Structures are given as C-alpha cells and as structure tokens.
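Every letter in the sequence shown is one number past the one before it in this note's numbering, and letter 12, counting from 1, is 119. First up is the structure itself, then whatever we jot down about it.
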Amino acid sequence: MTANNVRYIYHSKMGIELVFCEKSTISYPTHNHVSVLTIGIVLDGSIMLTAHNDVRTYGKNQFFIISPYTPHSISTHTNYTLLSLCIDKNIAAHCAMDKIRSNIIALLTSVLTLEKMNQYHVLQSLNHLSSDPAFYSLAARTDWHSEGQNPFINNLKRQLELHPEYKYSIEEMAKNAFTSKYHFIRSFKAEVGLTPHQFQLQNRIRKAQRLMHNTETITEVALTTGFCDQSHFIKQFEKQVGLPPLTYKLSFQTVKT
C-alpha cells in the first residue's frame, strides 16, 4: 500500500480498474465518470455519497452503484476503507452481468496474489457483489449512452471528452450555441451536471491520469493536457484524484494476465 493508502490497479484485457482506499480520509468534489460504471463497496468506516441532490451514508459492508455521467461527490468525517470497481461503460452495456462478475472475481484474485491485499477484504467484496440484486439489475439499463436535448451541447460534451486540452472560451461556446453566456452555462449544467469549465477540467485530469500510465514527466503531462502552470495542474490533480500526480503514478499498476 502506498502513501495516503490508495492503490490503483487496471486490468487492460478486462477493461476494469480497481481502486482500493484503506483507512483513507480523502473526499472528492462533485464530478462524473464519463466512461465508466462504478461499483463501490465500503469495507470499513463510512462515507457520504451525494448524487442527484440526494445524500446517503454508506457504512461497513454496504454497496453503491454510480452510472456513467451521474454527478456525485464523496465526503467523510472518519477513516474509511473502500473498494471501487470502475468498469468501461461499453463493456458494461454489452456484456452479461455474470460475465462482468466473473471478470471482477478474476481481477480481485490476481490482486490478492500480486498485492497481498487482506484476504478478508476480497472475500467480503465477492460476497456482497454476489448477493446484491442491484448488480444484476444493471443488465436492464439502456440510458448509459443517451444524448441530451441540445445537439450543440451533445457535440461539445464529446469534444471536451476527446480533446479537453483545447482552448474553449465560454464566450465562444455560447456564441456558437446562439445564446447568452449565462444561459449556456445553465443549460450545459442542467444536461451534464457540471459547468463547461468543471467538465473540461475534470476531463483534462482524466487524460493526465492516462498519460501518466506511460513514461511522460509531470511537466510533459501538464502541458499536453492544456495546463500552462504546473503548480495549477498539481493542485487540480490532487483536488480531483486525492493524490499528488507523482504519488498517483507510483500508486498505479497495470495487470494484463
């Protein structure tokens, strides 16, 4: 386990990332996951999850699911141990839940072997994943790829996901949408759950996370993702990820087998 007690493990063949926070106090501001379905299992302590303006507390052995694009935040007043499984939305939308579950079991088994994670945590995760009917109800979901009502916002959202490093001014975006700046911001937030600036910033950080899986330096990653100021990049990265960039890089591992 690394500094701040967070470990990121990605299985490239399965398209599943495991995030294991042990005795953590990290809180996460409002954000959404544009490309993954997230399954979280609280193994110890408690967290407060805010989604759709609904605040719920999840304690030991409780389970939550966050669909792609759902704005949410996590806060806590105590230490918590949380296992999060982030599944590529394309895999989640087209694979049977039993297949996804078998992939998760394989990933957790490999993590147990490679990382010497506490066996109790793994067994608890498998037990609650198997017994919760909400997991299997995901198979009926059809709205993960649904578009909003405004075609310009849909197109801009895709551009901000693919190329978050591009320079987009609010004035330019509003002009192209033939609306005022303030109306555009309200409309974008109503459909996406975040303001255009928040959405672009979080996607810059997500792209930075992907780039750091390779060999780029922190400076190169900051410039490639559109940050002119490295200190600003580091501050925003830690705010959204919960770890400084270098610590995150050291915390990450890719599994291929």
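All C-beta atoms, glycine included, are put in the ideal place defined by N, C-alpha and C. The structure presented is a predicted model; accordingly, all values stated were derived computationally and were not measured.
query	result
Under the three-state DSSP convention, the category E183 falls into	In the sequence as presented, Glu is not what sits at residue 183; that position holds Thr. If DSSP states are grouped into helix, strand and coil, T183 belongs with coil.
The region 122–132 / the region 180–192 touching (three or more Cβ pairs under 8 Å)	yes
Cβ distance (whole Å) where R311 is taken to contact E272 below 8 Å	6 Å
Y273, enclosing alpha helix (DSSP H) - first and last residue	Y273 -> no alpha helix (DSSP H), and no H or E assigned at all.
Per-residue DSSP class, three states only, for L148	In the sequence on display, residue 148 carries Ile and not Leu. Strand.
Residues near P351 by beta carbon distance below 8 Å, same chain, minus five either side	I341, F344, E345
Short Cβ contact (8 Å threshold) for Q316 with A329	no
Nearest candidate by alpha-carbon position, reference M319, set G349, Q360, A281	Q360
Sub-8 Å separation of S209 and I260 beta-carbons	no
C-beta contact flag for T137 and L301 at 8 Å	yes
Proximity to G166 [Cα-Cα], best of L190, T177, Q307	L190
Outcome for T164 when other beta-carbon atoms lying within 10 angstroms are tallied against a minimum of 16	exposed
Buried versus exposed, by CB contacts within 10 Å (16 or more), T326	exposed
Whole-angstrom C-beta distance between L192 and L125, which should lie under 8 Å	6 Å
Alpha-carbon to alpha-carbon, R265 and A158	22 Å
First through last residue of the beta strand (DSSP E) which encompasses T164	161–165
Residues that Y355 bridges to, as DSSP identifies them	BP columns for Y355 are empty, so no partner.
Per-residue DSSP class, three states only, for A315	helix
Nonlocal neighbours in the same chain, by C-beta distance under 6 Å from G333, ignoring five residues either side	E272, R311
Reference N168; option with closest CA among S182, S180, G147, P178	G147
Beta-carbon contacts of T177 that lie in its chain and below 8 Å, excluding the five residues immediately before and after	N139, H140, A158, H159, G300
Of the listed residues K296, I211, L144, G349, nearest to H118 (C-alpha basis)	I211
Same chain only: Cβ atoms within 6 Å of S358, ignoring 5 sequence neighbours per side	T109, V113, R114, Y115
Y355 versus H339, H290, V149, C128, residue with shortest Cα-Cα distance	C128
Whole-Å CB distance - P175 paired with V143, under 8 Å assumed	6 Å
When F285, P303, K296, S287 are compared against Y275, the one with the closest alpha-carbon	P303
Three-state class that DSSP yields for Q360 in the structure shown	strand
Spatial distance of L353 from Q309 (CA atoms)	18 Å
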